[in-house]
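Number of protein chains: 2
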Amino acid sequence: VTGPITRAAVVGATAWGTMLAVLLARNGVVTMLVTRTEDEAARLESDRENVRRLPGTFFPEAMHAAVGPPAIDPGVDLVCFVVPSHTLEANALAIAAAVPGGATLLSAAKGIDGATGRRMSEVLTDVLPDRPVAALSGPNLSREVADGLPGATVVASPMADLDALRVAFHSATFRVYTSRDIIGVELGGALKNIVAIAAGMVDAFHYGDNAKASIITRGLAEMTRLGVAAGADGATFLGLAGVGDAIATSYSPLSRNRRLGELLAGGASLDDALVSLDETAEGAKTVPAALGLAERLGVEMPITRGLHAILYEGVSPRAAVEALLGRAPKDESGA
Amino acid sequence: VTGPITRAAVVGATAWGTMLAVLLARNGVVTMLVTRTEDEAARLESDRENVRRLPGTFFPEAMHAAVGPPAIDPGVDLVCFVVPSHTLEANALAIAAAVPGGATLLSAAKGIDGATGRRMSEVLTDVLPDRPVAALSGPNLSREVADGLPGATVVASPMADLDALRVAFHSATFRVYTSRDIIGVELGGALKNIVAIAAGMVDAFHYGDNAKASIITRGLAEMTRLGVAAGADGATFLGLAGVGDAIATSYSPLSRNRRLGELLAGGASLDDALVSLDETAEGAKTVPAALGLAERLGVEMPITRGLHAILYEGVSPRAAVEALLGRAPKDESGA
């Protein structure tokens, strides 16, 4: 886009999708929240809040909800996708015909395509080519943003108008930073969910803050290795979309991925644990996707490999986590 | 040193000094814990534990306590300094005549010399020149290490025998990594206390996990900037002695620096807060020392500057923390 964003669509009435739509509308952007069903749109419109996902945050006047492709204004400047990663491609295909050629695409989904290892912005570009594409990621627990607590995020794109995007989302309590490293920002957001699962297991075993900080740090090291091999700037992982998001997700009681780790460590099966969590825990799908990408790029990811053994190969969480904490030490700079 | 470490002295019967002496002695290193007073040495020897600082961790047979220079064996391979930073120079001077020329020096003190900006290993080298010097730092809450919970640390030196040091301290639950970047490892350990004070204030104000992760991340960015300007490898700050220690210290209820931030945010004066904390909170002294170093190196440190205003210039914690969380955003890569 050139110039300010005045009309936007947000695909996905998730907690975070709803929150991003509210942030846009509060800034005067005419915003449509695009739902999956007619019923959902009608309910959101009559309640003027998302009672199920984000209760208490009322929709500004500039925000509305509607279903499917007709919800997309032909003059839209920005289309945001805030859906579970494994549904992103289908969601993009479903509305593809309605997305104008000049619109900027923005992914706030935190995952990696399981079959191909593509980042979410790459999936968007494959479905909707020749448009500027951006990603938004950071330590952003929806509930805290909704409560007006201070927070910050990163909007990244190699070619989109970052200043226009910053202005569209920014507020006094939700600071928007910008970056040209979309690879690092997207991989940070996706891979930190793996770290959070491991951190949840350390919590469940009461191994303490030294061990938790160590596993987050070793997790960041393997996130960074994979990111750099995939073309990211290593410094991005020291920023909000890397260490920032990894810390928030590994410590927050609100984090579903951290909670997934706790449930698995407590003896739950993956299926049972996912059922007991209300929304998708992206990390469970990110583990095999990241491992596939790591194998293609020749990167060693011991924590991700250990979690794969727990999630999909029947290895006991305690044995795997102890093995991770007891890895033979080596030079940190080469590890 | 060439070959294994067989005899060591640990100067400082702090909780962490006691723990490091116990770790060495458990590995068969004949270890003397060097106390400040005759009474203290006698009490430690008769109790065979440090009842005041580290209760419940009994001294192995190879460990003893004694006072002053005569406690240093003339055949000692390693002399560790585990005292408050502002007392390191005096402690080193007090035993200087007893430290043999071939001994490796190791600092586990986490601070910066206030007057000169020297790192602790530089202070040691000035007092005891021509000896290999190393630093040990990481996410190491003493109480957790004493309880046998899994943890890890980094031993760093440009020239000491890192393998000998690793073997001397290493155990199944206390993993020792090595690094040649002593500048980064020492500055990580010192500067993270500043971040922890800020994190404690965020806790006290109930700003949530997004804000806490954001301030830790911005704190790491300024730690890294100062470290790189001082000659460190930026990657060290992504390791255990950087982000690892910053996370553990910012989240642990055991952290005195985090607690100092909470007390200040609750309205306590610096003097009152320090009195109510049982041991030194190094961060209060590190703030002006780091700021002085940053000014000499031309580095911007907004969080450290904000804390200086709170600690020493009478600015209200809430106003300063809100200003920090509300800094005008910019490009992350240039921030």
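So the protein sequences, as listed, match chains A and B. Note that my numbering numbers the first sequence so that position 200 is 200, with each residue one more than the last. Take any residue in the second sequence, note its place counting from 1, add 335, and you have its number in my numbering. Glycine included, each C-beta is placed from N, C-alpha and C at the ideal position. Remember, predicted model here, so these are calculated numbers, not experimental data.
Assigned secondary structure, residue i (DSSP; H/G/I helix, E/B strand, else coil)
i      : result
B:A670 : Because B:A670 sits at a pLDDT of 36, beneath the cut-off of 50, its placement in the model cannot be relied upon, and the point is left open.
A:Y207 : coil
A:T14  : coil
A:V76  : coil
A:M301 : coil
A:N140 : coil
A:V315 : coil
A:T153 : strand
B:F416 : strand
B:N695 : Since the displayed chain B opens at 336 and closes at 670, residue 695 of chain B lies outside it and no answer follows.
B:L389 : strand
A:D233 : coil
A:G261 : helix
B:E630 : helix
B:M494 : coil
A:D272 : helix
A:V1   : For A:V1, the predicted model reports a pLDDT of 48, less than 50, meaning its position is unreliable and no value from the coordinates is stated.
B:E657 : helix
A:L20  : helix
A:L277 : coil
A:L254 : coil
A:N27  : coil
A:E186 : helix
B:V434 : coil
A:G306 : helix
A:G148 : coil
A:G267 : coil
B:E617 : coil
A:G239 : coil
Whole-number beta carbon distance between residue j and residue i, since they are thought to touch under 8 Å
i      : j      : result
A:I247 : A:I216 : 7 Å
A:L311 : A:L270 : 5 Å
B:L368 : B:L379 : 7 Å
B:Y586 : A:L149 : About 17 Å separates the two Cβ atoms, so there is no contact after all.
A:L128 : A:L105 : 6 Å
B:V317 : B:A344 : Here chain B covers residues 336 to 670 and nothing more, so residue 317 of chain B does not appear.
Range of the contiguous beta strand (DSSP E) that encloses residue i
i      : result
A:S179 : 174–179
Nearest-angstrom Cα separation, counted from residue j out to residue i
i      : j      : result
A:K192 : A:L220 : 8 Å
B:A654 : A:Y177 : 22 Å
A:A335 : A:E61  : Any answer about A:A335 is weak, because its pLDDT of 36 lies below 50 and its placement is not dependable; what the coordinates show is given next. Going by the C-alpha atoms only, they are around 52 Å apart.
B:S456 : A:G28  : 56 Å
A:M223 : A:D181 : 15 Å
B:P467 : B:L497 : 10 Å
A:R259 : A:G200 : 6 Å
B:H399 : B:T353 : 10 Å
A:V1   : A:D77  : Caution is warranted here: a pLDDT of 48 is assigned to A:V1, below 50, making its placement in the model unreliable, and the coordinate value is therefore given only provisionally. Those two C-alpha atoms are separated by around 7 Å.
B:V434 : A:G326 : 35 Å
A:D130 : A:A96  : 13 Å
A:D278 : B:A565 : 48 Å
A:S157 : A:E186 : 10 Å
B:D374 : B:L358 : 24 Å
A:A204 : B:E630 : 44 Å
A:V299 : A:I194 : 16 Å
B:R560 : B:A658 : 21 Å
A:D272 : A:N257 : 14 Å
According to DSSP, residues forming a beta bridge with residue i
i      : result
B:A469 : B:L441
B:M367 : B:A344, B:H399
B:I447 : B:R454
Residue i, enclosing alpha helix (DSSP H) - first and last residue
i      : result
A:M120 : 120–127
A:S171 : Run containing A:S171: none; DSSP gives neither H nor E here.
A:E40  : 38–47
A:S250 : 245–251
Where residue i meets chain E, residues with beta-carbon distance less than 9 Å
i      : result
B:L575 : No chain E appears in the structure shown, which is made up of the protein chains A and B.
Residue i CB to nearest heavy atom of the ligand SAH below 7 Å
i    : result
A:R7 : The ligand SAH is not among the ligands present in this structure, which contains no ligands whatsoever.
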